[in-house]
Amino acid sequence: MKKRRSKKKIIKFIINYVILSALALFFIFPFLWALSTSLKTSTDVLAWPPKWIPKPATLDAYNYVISHVPFVRYFINSFIITLLGIVFNVGFASLAAYPLARLEFKGRNLIFFLILLPMMIPIQGGLIVNFITILNLKLYDTFLSVVLPSAVSIFGIFIMRQNYLSIPRDLEDAARIDGCNEFQLWWKIMFPMVRPAATALSIISFAGFWNAFLWPLIVLQDQNKFPLQVGLSYLNNMFEQNYRYITASLIIAALPILVFFFFTQRYFIEGYQGALKQ
Amino acid sequence: MKLSRKKQTYLIAFCFLAIPLVLLGIFSYYPIIKGITLSFADYNMLTGETKWVGLANYKWLFNYKYFYISMANTFKYLIVVPFIQFASMGLAVLVNQQIPGIKFFRTLFYVPVITGSVIISIAWRWIFDVDGILNYFLMSLHIIEEPVLWLLDKNVALFSCMFVTFWRGLGYYMVIYLAGLQNIPSELYEAASLDGASGFKKFTKITIPLLRPTMLLCFILSTMSALKVFEEVFLLTGGANQTTTLMFETYNLAFNRYEFGKSAALGVIFSIFLIILTLIQFKFFGLGGVEGEETKK
Amino acid sequence: MKKFGILLLMLLTVFTVSLTAKTVTVEFWTLSLATFSDYINAAISSFEKANPDIKINWVDVPYDAFQQKIISAIASGKAPDLVNMNTPWVIDFVGQNALSPIDEYVPDVDKYLYLPNYWDVTVIDGKSYAIPWYLSPQIMLYNRQIFEEAGLDPDNPPKTWAEIIEYSRIIKDKTGLYGFQPNIVAHIDLLEEGVPLVSPDGKKAIIDTPEAVEKLKQWQLAFKESLMPQDLGGYQAGTQKFAGGRIAMFPVGITMVKHVEINSPSIFKVSDVTTFPLGKGEKIPAGAMNVAVPYNAKNKAEAVKFGLWLTSPYWQVEFAKIATVVPSTKISLEQDPWFLERAQTDLNVKAQLVASQSMIYGFDQDELGKIIGPSKYPEFRRILNDYWIAAIKGEYTAEEALSKAEKECQALLDSK
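Residue numbers (the working numbering), protein chains in the order written: chain A, 1 to 278; chain B, 1001 to 1297; chain C, 2001 to 2416.
Have a look at this one:
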């Protein structure tokens, strides 16, 4: 009896992993193609039928990219921009969402609706208008200018508000009875309670700022301030599209986010959990 | 002098909202208002030359063949929503197991979400190639006899783009559904098991109902995202073969034809659709908060 | 006291001289040419040496972001002084009054150095708006190995589209491979056949002509018989297929030769080049890159001075040594021993020579934009291409498609 049950379990186990692996293949195959191309020698990049496993595999492309692109500097720049972005996003969203969820005043829902509105109004040319604004604010060619237009995340305000709404009233009442003023209440009690949403927002912001390409290119002039995606785009030129170098650079740029997601998954999920609590 | 309770609340709310609202005002609202204003003009993006033409841009749009084509395509794109949603729900259930290595799989499923446009463009174009892998596969399995023109045939091209949107979005919603699933206390499932409920019954009677709030959030996000689709069209077909969408047309009018006023007018019409649709969804589903608060009063 | 007076006088002189000999900085943007920094910097330093009071500030902009960046710059008043642009963009920007005419800064002597058909492409309403720089002409790459397998003579490649179709049939028959992959763009195909598309005054659409019908029928045939891949994919798909050894002939711009070399050396070894097939109009497309001056640039005269320097025959020929391009100047590489020697062993150089020699037929495929105007030109092309491709796929007969296209294009030209 026991043997049959454990045999069933093993089969279920295997099927599970087979399904998971098949699905994983479905999701990452373009990545696999990029990885495989980046490890090829120049002979076989476009051979047909395509050779999936490069023989011989070589790190040539990676060496070239790393030695021709000031990687460390671009990495640091991306890091600074992303950090700034996350701080602004989480900071402003947790500030703005608080009164919209916990304070009672007329016009509260209207303001919330107005905040959501820009997501529903797709008008082109925002880039150009914002560029002129940045120039007028004398912020051209600064890290601040890269981050400022996206400093307030509307989606962030949305999920923060959701998270605030789920905090039980008694906590608040107890604090007020203890004599807290509004700001202490927020800083000591409310804000720590929305850590889940804050973490989820951090991860979303991370991806957004890390991958940014067009806006930083428009608003930065000093090559030493370029973030990773901008710096890597210079590997492409009018004449030579070397697939090996392009894919190698894309993989290098994508790794941080994947690693970050892998290790912080739990917080990501908890974050959404907090936002979804009724 | 002490302010009234009401005035105090306003003041505090103001303190919290001030800076975010100012930033939104400058970087989100100002371009929008400028755009809406310029929809009534013949505007030269480069020199700033403005010629007011009243409703001429709107009138022109109503006679523009691609206005209707792009609108039809945009609404057609909504087909993708139920597919993404139910598939990601299924995925979430699959990855909710606490088996070794599941974190690794979750990360892999999330990869399309953060894959950059360059790889998407090269990889998917290659797959959809007439002599590409997809046709090769389907023909060797005898599912089709002739190669399909995935990106060229106007009856199929839009669906090819939708498939890529599907592929890209699954991981994103999977994570949200996963969170929703983990919000469901396991005691409920244990109690149901004790009562002798089957896996299917547990799913329909416990999982689905308690997943409702997550579903509402995801459906709304997914719908908005589908209606605003741009990248997949831009990267895979460049709007050719009747695949243009509203979002793509606004880009096309502004940057390929330098008709910024017409692009803005289209943007305005498009926005009205989006706002109405979102309001309907909010009212209908009552996503906790806006609708909920009003009824609480 | 006297000594002090002399010192003061000297200081004053230096001061006033330095004021009058003010250095002007010209901001110069290039389109995705960062990897040629050695070359560009060489051209810049030689210019700066010859012109001590002009400094060049070079900025390279990646292709994907170029349009947004230049529009933002011009719109905000922070425009570069000299900007590298392709012809369609020059024409579009002139249509938006965003570029400055440059005639007053260009001596006739210098204008004479350029191929007239390429200088004139950016002359609108009698005013010159850009200096032509490097050209990317079309040639035809072909795979000698496939030719041999099919029993065709690799030293005798086809010269016209009709011959290409003949060869393709044989290749398909003997090897099962595709004969060729063209980059099908309706307006270019038609111009190559001598179909004017529009009357010189821009008022009448001239599309439905016997030559147009014949050409469209040719494509329909090639499609039906599978002589070319049925995805009508552009040059990227074509490069991948050619580099993968799946097509025999590839009419394409010379820059793609390098792509094949980099991404598929084995195919490159068995490849050869010949002239682009000549249609009835005896025109071979060759897109041009130019340099132009935004209308609100601050240092126009100096910008043009540098522009003429950079595009001078010497510097263009030097550029051709490191990039697969052809100069837009009358003095070109056909007589240059550097190229003649290398053409024997380097296919890229052979391609350049072949291309250079075909420049008597050269035309810029977007010169039509001038006549039709930037607000209607993209739509005109789109209407034409939609019907063209639909007909090739068999959704319309050739006559139907062209007649419909002409009607719709006429309506477009007639509209406001």
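Positions of the beta carbon are idealized from the N, C-alpha and C atoms, including for glycine.
Only a predicted model underlies this, so the values are computations on that prediction, with no experimental measurement involved.
### Query
Going along the region 1209-1235 of chain B in order, which residues come within less than 8 Å of chain A, judged by CB to CB distance?
P1213, T1214, L1217, M1224 and K1228
### Message
Alpha carbons only, please: which of B:L1017, B:A1191, B:R1005 and B:L1023 is nearest the one belonging to P149 of chain A?
### Response
Indexing the first sequence from 1 puts residue 149 of chain A at position 149. P149 of chain A has its Cα closest to that of B:L1023, out of B:L1017, B:A1191, B:R1005 and B:L1023.
### Message
Does V1053 of chain B come out as helix, strand or coil in the three-state DSSP assignment?
### Response
Along the second sequence, read from residue 1 onward, the residue named residue 1053 of chain B stands at position 53. Coil, per DSSP.
#### Entry: Start-end ranges of the alpha helix (DSSP H) lying completely within the region 2349-2413 of chain C, minimum 4 residues
2368-2372 and 2377-2392
### Task
Tell me whether Y2114 of chain C sits in a helix, a strand or coil according to DSSP, three-state version.
Residue mapping note: residue 2114 of chain C aligns to position 114 of the third sequence, counting from 1. Strand, per DSSP.
### Near-chain B residues of the region 2093-2121 of chain C - C-beta to any C-beta below 8 Å
F2093, G2095, Q2096, N2097 and A2098
### Query
Taking C-beta to C-beta, are T199 of chain A and G271 of chain A nearer than 8 Å?
Stepping through the first sequence from its first residue, residue 199 of chain A is reached at position 199. Stepping through the first sequence from its first residue, residue 271 of chain A is reached at position 271. Cβ atoms of T199 of chain A and G271 of chain A: closer than 8 Å.
### Query
Is there contact between the region 1051-1059 of chain B and the region 1068-1086 of chain B, where contact requires at least three CB pairs shorter than 8 Å?
no
### Task
Report yes or no: is there a C-beta of chain B within less than 8 Å of the C-beta of Q184 of chain A?
The residue you call residue 184 of chain A lines up with position 184 of the first sequence. Not one chain B Cβ lies under 8 Å of Q184 of chain A.
### Task
Output the distance between the C-alpha atoms of I2054 of chain C and I2331 of chain C, rounded to the nearest integer angstrom.
The sequence position of residue 2054 of chain C within the third sequence is 54, counting from 1. The sequence position of residue 2331 of chain C within the third sequence is 331, counting from 1. Those two C-alpha atoms are separated by around 27 Å.
### Task
Compare the C-beta of G1261 of chain B against all C-beta atoms of chain A and say whether one is closer than 8 Å.
The sequence position of residue 1261 of chain B within the second sequence is 261, counting from 1. No, its Cβ sits nowhere closer than 8 Å to a Cβ of chain A.
### Message
Nearest by alpha-carbon distance to P2251 of chain C: which of C:W2161, C:Q2096, C:W2219 and C:K2002 is it?
### Response
On the third sequence, residue 2251 of chain C is found 251 positions in, with the first residue counted as 1. Of the candidates C:W2161, C:Q2096, C:W2219 and C:K2002, the one whose C-alpha sits nearest the C-alpha of P2251 of chain C is C:W2161.
### Task
Leaving aside the five residues before and after V1290 of chain B along the sequence, list all residues of the same chain whose C-beta is less than 7 Å from its C-beta, in chain order.
In the second sequence, counting from the first residue as 1, residue 1290 of chain B sits at position 290. Low confidence applies here, because V1290 of chain B scores a pLDDT of 40, under 50, leaving its location unreliable; read the following figure in that light. Excluding positions up to five away in sequence, the list reads F1282.
#### Entry: alpha helix (DSSP H) segment containing Y64 of chain A, residue limits
As a first step, residue 64 of chain A must be located in the first sequence, where it is residue number 64. Y64 of chain A -> alpha helix (DSSP H) spans D60 to H68.
#### Entry: Listed by chain order, chain F residues near L2216 of chain C by CB distance under 7 Å
Protein chains in the displayed structure are A, B and C, and chain F is not among them.
### Task
Determine whether the Cβ of I1079 of chain B lies closer than 8 Å to any Cβ atom of chain A.
In the second sequence, the residue the question calls residue 1079 of chain B occupies position 79. False, the Cβ-Cβ gap to chain A never drops below 8 Å.
### N-terminal and C-terminal residue of the alpha helix (DSSP H) that E2192 of chain C is part of
Here residue 2192 of chain C is taken as the residue at index 192 of the third sequence, counted from 1. Looking at the DSSP string, the run of the alpha helix (DSSP H) that includes E2192 of chain C is A2186 to E2192.
### Query
Do G1090 of chain B and A2075 of chain C come within 8 Å of each other at the CB atom, strictly closer than that value?
Here residue 2075 of chain C corresponds to residue number 75 of the third sequence, with the count starting at 1. Here residue 1090 of chain B corresponds to residue number 90 of the second sequence, with the count starting at 1. Going by C-beta atoms, A2075 of chain C is not nearer than 8 Å to G1090 of chain B.
### Exposure of A72 of chain A, with buried meaning 16 or more beta-carbon neighbours within 10 Å
Working through the first sequence from its first residue, we reach residue 72 of chain A at position 72. Correcting the residue identity first, residue 72 of chain A is Val in this sequence and not Ala. Burial call: exposed.
### Query
Would a C-beta distance cut-off of 8 Å place W2309 of chain C and K2321 of chain C closer than the cut-off?
For the purposes of this step, residue 2309 of chain C is taken as the residue at position 309 of the third sequence. For the purposes of this step, residue 2321 of chain C is taken as the residue at position 321 of the third sequence. Taking 8 Å as the Cβ cut-off, W2309 of chain C and K2321 of chain C do not qualify as a contacting pair.
### Query
Quick one: is Q124 of chain A near chain C, going by C-beta distance under 8 Å?
Taking the first residue of the first sequence as 1, we reach residue 124 of chain A at position 124. It does not; no Cβ of chain C falls within 8 Å.
### Task
Give the residues from the region 2272-2286 of chain C that approach chain B closer than 9 Å (Cβ to any Cβ), ordered along the chain.
none
### Task
For the region 1259-1268 of chain B and the region 2094-2102 of chain C, state whether three or more C-beta atom pairs, one from each stretch, are separated by less than 8 Å.
no
### Task
Given a cut-off of 8 Å, decide if L1078 of chain B and I1269 of chain B are closer than it, judged by their beta-carbon atoms.
Position 269 of the second sequence holds residue 1269 of chain B. Position 78 of the second sequence holds residue 1078 of chain B. No. Outside cutoff.
### Query
Could you give the distance in angstroms between the alpha-carbon of M119 of chain A and the alpha-carbon of K2022 of chain C?
The residue given as residue 119 of chain A occupies position 119 in the first sequence. The residue given as residue 2022 of chain C occupies position 22 in the third sequence. Their backbone Cα atoms lie some 50 Å apart in a straight line.
### Message
Using CA atoms only, rank isn't needed, just tell me which of A:L201, A:P196 and A:Y164 is closest to W186 of chain A.
### Response
To locate residue 186 of chain A, count along the first sequence from 1; it is residue 186. When only C-alpha atoms are compared, the closest one is A:Y164.
### Query
Thinking C-beta only, is F2047 of chain C closer than 8 Å to I2056 of chain C?
Here residue 2056 of chain C refers to the residue found at position 56 of the third sequence. Here residue 2047 of chain C refers to the residue found at position 47 of the third sequence. Yes, the pair counts as a contact, with Cβ atoms nearer than the cut-off.
### Any 3 or more C-beta pairs closer than 8 Å across the region 2263-2275 of chain C and the region 2143-2150 of chain C
yes
### Message
Please identify the residue among A:K9, A:E182 and A:V18 whose C-alpha is closest to the C-alpha of F1016 of chain B.
### Response
On the second sequence, position 16 is the one that residue 1016 of chain B refers to. Considering only alpha carbons, the answer is A:E182.
#### Entry: Candidates A:K12, A:L25, A:P216 and A:A61: closest to I251 of chain A by CA position
In the first sequence, counting from the first residue as 1, residue 251 of chain A sits at position 251. Among A:K12, A:L25, A:P216 and A:A61, the Cα nearest to that of I251 of chain A belongs to A:A61.
### Task
State the beta-bridge partners of E2027 of chain C as determined by DSSP.
The residue given as residue 2027 of chain C occupies position 27 in the third sequence. Paired residue(s): C:N2057.
### Message
Since S153 of chain A and N236 of chain A should fall inside the 8 Å C-beta cutoff, what is the C-beta to C-beta distance between them, to a whole number of angstroms?
### Response
One-based indexing of the first sequence puts residue 153 of chain A at position 153. One-based indexing of the first sequence puts residue 236 of chain A at position 236. So it is not a contact: roughly 30 Å between Cβ atoms.
#### Entry: Contacts of I1184 of chain B in chain A (Cβ-Cβ under 8 Å)
Numbered from 1 along the second sequence, position 184 holds the residue referred to as residue 1184 of chain B. Residues of chain A passing the Cβ test: none, with the nearest at roughly 10 Å.
### Message
For W2219 of chain C, report the span of its beta strand (DSSP E) as first-last.
### Response
Taking the first residue of the third sequence as 1, we reach residue 2219 of chain C at position 219. W2219 of chain C -> not in any beta strand (DSSP E); alpha helix (DSSP H) instead, spanning P2210 to K2224.
### Query
If the cut is a Cβ gap below 7 Å, which residues of chain A does K1103 of chain B touch?
Here residue 1103 of chain B corresponds to residue number 103 of the second sequence, with the count starting at 1. The contacting residues are F262 and Q265.
### Query
For A2243 of chain C, which residues of its own chain have a beta-carbon under 6 Å away from its beta-carbon, when the five flanking residues on both sides are left out?
Against the third sequence, residue 2243 of chain C aligns to sequence position 243. So the list reads V2260, N2263, S2264 and I2267, once near-sequence residues are dropped.
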